[in-house]
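Worksheet: the structure to be examined is printed underneath.
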Amino acid sequence: MKRTVAEINQRIKDGDVVVMTAEEVIPYVQSEGVERAAKEVDVVTTGTFGAMCSSGAFLNFGHSEPPIRMQRVTLNDVPAYAGIAAVDAYIGATELKQGDHSEYGGAHVIEDLIAGKPVRLKATSNGTDCYPRKDIDTYVSLNSMNQAYLFNPRNAYQNYAAGTNSSERTLFTYMGKLLPSYGNVTYSSAGQLSPLLNDPTMRTIGIGTRIFLGGATGYVAWEGTQFRTNVETSFGVPMGAARNLATIGDMRDMSPDFVRALYLHGYGTTLALGIGIPIPILDEDMMKAVSVSDEHLFAPVVDYSVQSRNRRPIKQVSYAELRSGRIELFGKEVRTSSLSSYLKARQIAEVLSERIENGEFTLTEPVAPLPQDRSQGTLEVRSKEDAI
Amino acid sequence: MAKKKFMLGFSPELVNEAIVYRLVKDYDLKINILRAEVKELGGRLLMEVDGKASNIKDAAKYLNECKVDVQELANYVEKNEERCTHCGVCISICPVEALTMERPTWMVRYDPEKCIACGMCIDACPPGAMKFRI
Chain A
1 MKRTVAEINQ RIKDGDVVVM TAEEVIPYVQ SEGVERAAKE VDVVTTGTFG
51 AMCSSGAFLN FGHSEPPIRM QRVTLNDVPA YAGIAAVDAY IGATELKQGD
101 HSEYGGAHVI EDLIAGKPVR LKATSNGTDC YPRKDIDTYV SLNSMNQAYL
151 FNPRNAYQNY AAGTNSSERT LFTYMGKLLP SYGNVTYSSA GQLSPLLNDP
201 TMRTIGIGTR IFLGGATGYV AWEGTQFRTN VETSFGVPMG AARNLATIGD
251 MRDMSPDFVR ALYLHGYGTT LALGIGIPIP ILDEDMMKAV SVSDEHLFAP
301 VVDYSVQSRN RRPIKQVSYA ELRSGRIELF GKEVRTSSLS SYLKARQIAE
351 VLSERIENGE FTLTEPVAPL PQDRSQGTLE VRSKEDAI
Chain B
1 MAKKKFMLGF SPELVNEAIV YRLVKDYDLK INILRAEVKE LGGRLLMEVD
51 GKASNIKDAA KYLNECKVDV QELANYVEKN EERCTHCGVC ISICPVEALT
101 MERPTWMVRY DPEKCIACGM CIDACPPGAM KFRI
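See below:
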C-alpha cells in the first residue's frame, strides 16, 4: 500500500478523507492489523500541550510620530529584545518582569496579548537624526500591532526525561516541585499522542510542514535548537530528548486555550503551548509507527538533585507506567505527575482531525528534510584558540 | 455522627493548655491531628474531628470560651477551573489525594472534603489554578 500527500489532499478536498487520532488508531490497528488500517486511514493526528521554555514572539509595533528607534523595550514591565530594527522586538517566554520575585513574565505577556488584552509598551532610545524621539509610553494589543507571531526555537521535544529528587529537601525545578527522598516523579510528554514520537525518524515532518500551533495554523520553520538524532532507541523510538522543532505561527489566530503562561515556583515563567501535527499514512511502515502505544514508549528517570549536565538515568520506565500514577523506584512505590496535559493533547489531536475532515487544513510535504544525523555539543570554558 | 475539620489558632499563652485532651475526654471526640505548629505568634492546629454533632458544637463553644480561634475548614483551597490545564502536576504533591486524575477523561478533580489546607499544591501548580481562599 502506498499513498501520497497529494492523494490525501485530494481526498480532503473531496470530503472522503479518513482521519483518526494517534490514540484512536491504537485499538484500531490492534483489531484490524497494520495492513488493513493503513489501507483505511489516510491521516493520523497527534497532539501535545506542555511547557516549552524556548518560545517567544516577534512583534512590530508600528511607527510613532515623531518616530523612535526603540533600544530598550518593556511590555507590562517585562523586558523584550529590541536590538533589531526600529520598532521590532522579541519577547521571550522566560523573561521575568523587572523587580524581585515576580511571577509574571514574557509568557504572561504572550498569553495576555492572545487573550485580546492591552499591554503597556514602554521604550526608550538615545535618539538619532532619523529617529528623534527618545521615549514612549503607550498601550498595544494584537489589533494595534502590524505583526505578532510566535517564533519558537525549540518546541515539541520528541521525548524527555522524567525527574525525581534523592536529596533531603524539596526542589523547585522546571520539571515542577520534586519532593525529598524520591517523594514523587514528574514527566512531560503526551506519549502515544505526542507528535514526534509518532514519526520517530521524521519521515513526514520537515521544514515547511503545516501544523497546529496554539490553536492557529503554523509551520515548522527549522530544526529546533539542541536537535539530536544520536539517542538510544527502543522499538525504533528515542528513549530520551532527541529531535524537536522550531515553529512559527500568527498569534492573531491563536487561543488562550492552547497558549498558557506558567509560573514554576523557584524557576520562573514558561509557556505551555499546544502543538498538533498530522501524519500522512504513506505506507504500512507509517501506520506501524503511529500505532505505537504508551507500553512501548520509554523515558529515563533522572535525579534532579545531581546538579550536573551528566545525570545518569536511575532507570527507564514506560509511559504506561508513568501514566498509571505510580512507578517503582528502589523497591518503593512513588507517585507520578505529568507536567503536560494529556487532556489538552487529546483535544488538539481531535480539533486537528476535525479541521482536516472539514477541508480547513491540508497536509504538506516537507520543503526540506530535517537533519538525519545530528549530535549535541556542550559548552566548555575554553581559550580563543580552542573555540575554533 | 459527624466529621468535620477545624483549624485552631492559639495565642502564645494558650500553647501550654492541654486542649486536645479536654476535647477527647469531655466531649468524646475522635481527633486526628493533621498539622500542628507553634511559632512566635502562637500555634495552629489542623484537625479532623469525629463525634456526635451536638458534642462537636459544645466543644466549639468550649474552645471559644478558652479564646481559641476556631475556624471550620470548608473549601479553604479553591481550584480555578478556567486556569487549570489538567496537567496533573498537583496529584503527586497532594498528601491526602484530594487532587486526583480522573480516567479516562484525564481531568484533574479536586475534592475539598479531603483537603487539609496544607497548601502544598499552591506553589506546585504551574498555571496558578490553586489558591487559598482568604
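In order, the protein sequence lines correspond to chains A and B.
With the first letter of the first sequence counted as 1, position 254 gets the number 254 in the numbering used here; the numbers rise by one all the way through.
With the first letter of the second sequence counted as 1, position 126 gets the number 126 in the numbering used here; the numbers rise by one all the way through.
Cβ coordinates follow ideal geometry from the N, Cα and C atoms, glycine included.
Please work out which residues of its chain come closer than 6 Å, Cβ to Cβ, to residue i, disregarding the five sequence neighbours upstream and downstream, and give them in chain order.
{"i": "M7(B)", "result": "L46, Q71 and L73"}
{"i": "E103(A)", "result": "Y263"}
{"i": "G9(B)", "result": "R44 and D69"}
{"i": "H296(A)", "result": "F235"}
{"i": "S375(A)", "result": "R228 and N230"}
{"i": "F298(A)", "result": "S234, M239, Q316 and S318"}
{"i": "P136(A)", "result": "Per the sequence shown, residue 136(A) should be read as Ile rather than Pro. So the qualifying residues of the chain are S64, I68 and A123."}
{"i": "R109(B)", "result": "T100 and E102"}
{"i": "P132(A)", "result": "P66"}
{"i": "K5(B)", "result": "E48 and L73"}
{"i": "S144(A)", "result": "none"}
{"i": "T225(A)", "result": "P153 and R154"}
{"i": "N341(A)", "result": "Per the sequence presented here, residue 341(A) reads as Ser, with Asn not at that position. Counting only Cβ-Cβ distances below 6 Å, and skipping sequence neighbours, we find F49."}
Within the 8 Å Cβ cut-off, does residue i reach chain B?
{"i": "S234(A)", "result": "no"}
{"i": "N184(A)", "result": "yes"}
{"i": "L329(A)", "result": "no"}
{"i": "K177(A)", "result": "yes"}
{"i": "L339(A)", "result": "yes"}
{"i": "L273(A)", "result": "no"}
{"i": "Y342(A)", "result": "yes"}
{"i": "H265(A)", "result": "yes"}
{"i": "A51(A)", "result": "yes"}
{"i": "S62(A)", "result": "The question names Ser, but residue 62(A) is Gly in the sequence shown. Not an interface residue."}
{"i": "R335(A)", "result": "yes"}
{"i": "G325(A)", "result": "yes"}
{"i": "R312(A)", "result": "no"}
{"i": "R346(A)", "result": "yes"}
Between residue i and chain A, is there a C-beta pair that is closer than 8 Å?
{"i": "G42(B)", "result": "no"}
{"i": "M130(B)", "result": "no"}
{"i": "G88(B)", "result": "yes"}
{"i": "D123(B)", "result": "yes"}
{"i": "S54(B)", "result": "no"}
{"i": "M1(B)", "result": "no"}
{"i": "I93(B)", "result": "yes"}
{"i": "M101(B)", "result": "yes"}
{"i": "P12(B)", "result": "no"}
{"i": "K127(B)", "result": "Before going further, note that residue 127(B) is Pro rather than Lys in the sequence given. True, the Cβ-Cβ gap to chain A drops below 8 Å."}
Which partner residues of residue i appear in the DSSP bridge assignment?
{"i": "P79(A)", "result": "T74(A)"}
{"i": "D135(A)", "result": "T124(A)"}
{"i": "W222(A)", "result": "A246(A)"}
{"i": "A2(B)", "result": "G51(B)"}
{"i": "S141(A)", "result": "DSSP output for S141(A) lists no bridge partner at all."}
{"i": "S337(A)", "result": "T186(A)"}
{"i": "I348(A)", "result": "Its beta-bridge partners do not exist; DSSP assigns none."}
{"i": "S234(A)", "result": "V237(A)"}
{"i": "F132(B)", "result": "V77(B)"}
{"i": "M7(B)", "result": "L46(B) and Q71(B)"}
By Cβ distance, which residues of its chain are closer than 8 Å to residue i, with the 5 residues on each side in sequence left out?
{"i": "V334(A)", "result": "T164, Y182, G183, N184, V185, R326, I327 and E328"}
{"i": "R382(A)", "result": "none"}
{"i": "I356(A)", "result": "I12, V17, V19, V43, T45, P278, T362 and L363"}
{"i": "Y174(A)", "result": "A51, C53, L264, Y267 and T270"}
{"i": "V119(A)", "result": "L75, N76, V109, D112, L113, Y139, V140 and S141"}
{"i": "G42(B)", "result": "G9, F10, S11, P12, L14 and V15"}
Ignore the nearest five residues each way along the sequence and tell me which others in residue i's own chain have a CB closer than 7 Å to its CB.
{"i": "Q372(A)", "result": "T229"}
{"i": "V18(A)", "result": "E40, V41 and D42"}
{"i": "R11(A)", "result": "V17 and D42"}
{"i": "M120(B)", "result": "I93, C94 and P95"}
{"i": "E365(A)", "result": "V5"}
{"i": "A38(A)", "result": "M1, I281, D283, E284 and M287"}
Under 7 Å: does the beta carbon of residue i sit that close to some heavy atom of the ligand FMN?
{"i": "K332(A)", "result": "Although the ligand FMN was asked about, the structure shown includes no ligands whatsoever."}
(message) Any contact between the region 25 to 37 of chain B and the region 50 to 59 of chain B? By contact I mean 3 or more CB pairs, one from each, below 8 Å.
(response) yes
(message) In chain order, what are the residue ranges of uninterrupted beta strand (DSSP E) at least 3 long that sit wholly in the region 238 to 313 of chain A?
(response) Annotation: the region 238 to 313 of chain A contains the following complete segments of the beta strand (DSSP E) (minimum length 3 residues), in chain order: 245 to 250, 259 to 264, 268 to 276, 278 to 280 and 298 to 303.
(request) Starting from the N-terminal side, write out each stretch of the beta strand (DSSP E) that is 3 residues or longer and does not extend beyond the region 174 to 204 of chain A. (result) 176 to 178 and 184 to 187
(request) Answer yes if the region 272 to 289 of chain A comes into contact with the region 126 to 142 of chain A, meaning at least three C-beta pairs across the two stretches below 8 Å, and no otherwise. (result) no
(request) Could you tell me whether the region 41 to 49 of chain A touches the region 280 to 292 of chain A, using the rule of 3 or more Cβ pairs below 8 Å? (result) yes
(request) Taking a Cβ distance cut-off of 8 Å, strictly less, list which residues of the region 246 to 264 of chain A are near chain C, in chain order. (result) Included in the structure are the protein chains A and B, with no chain C among them.
(request) Report the residue ranges of all beta strand (DSSP E) runs contained in full by the region 5 to 70 of chain A; include only those spanning at least 3 residues, in chain order. (result) 19 to 21, 43 to 45, 48 to 51 and 56 to 60
(message) Suppose only complete runs of 4+ residues qualify. What are the alpha helix (DSSP H) ranges in the region 10 to 91 of chain B, listed by chain order?
(response) 19 to 27 and 53 to 65
(message) Does the region 80 to 95 of chain A come into contact with the region 29 to 38 of chain A, if we say contact requires no fewer than three beta-carbon pairs (one atom in each stretch) closer than 8 Å?
(response) no
(message) Under 8 Å, with one C-beta from each stretch per pair, do the region 206 to 221 of chain A and the region 241 to 256 of chain A reach the 3-pair mark?
(response) yes
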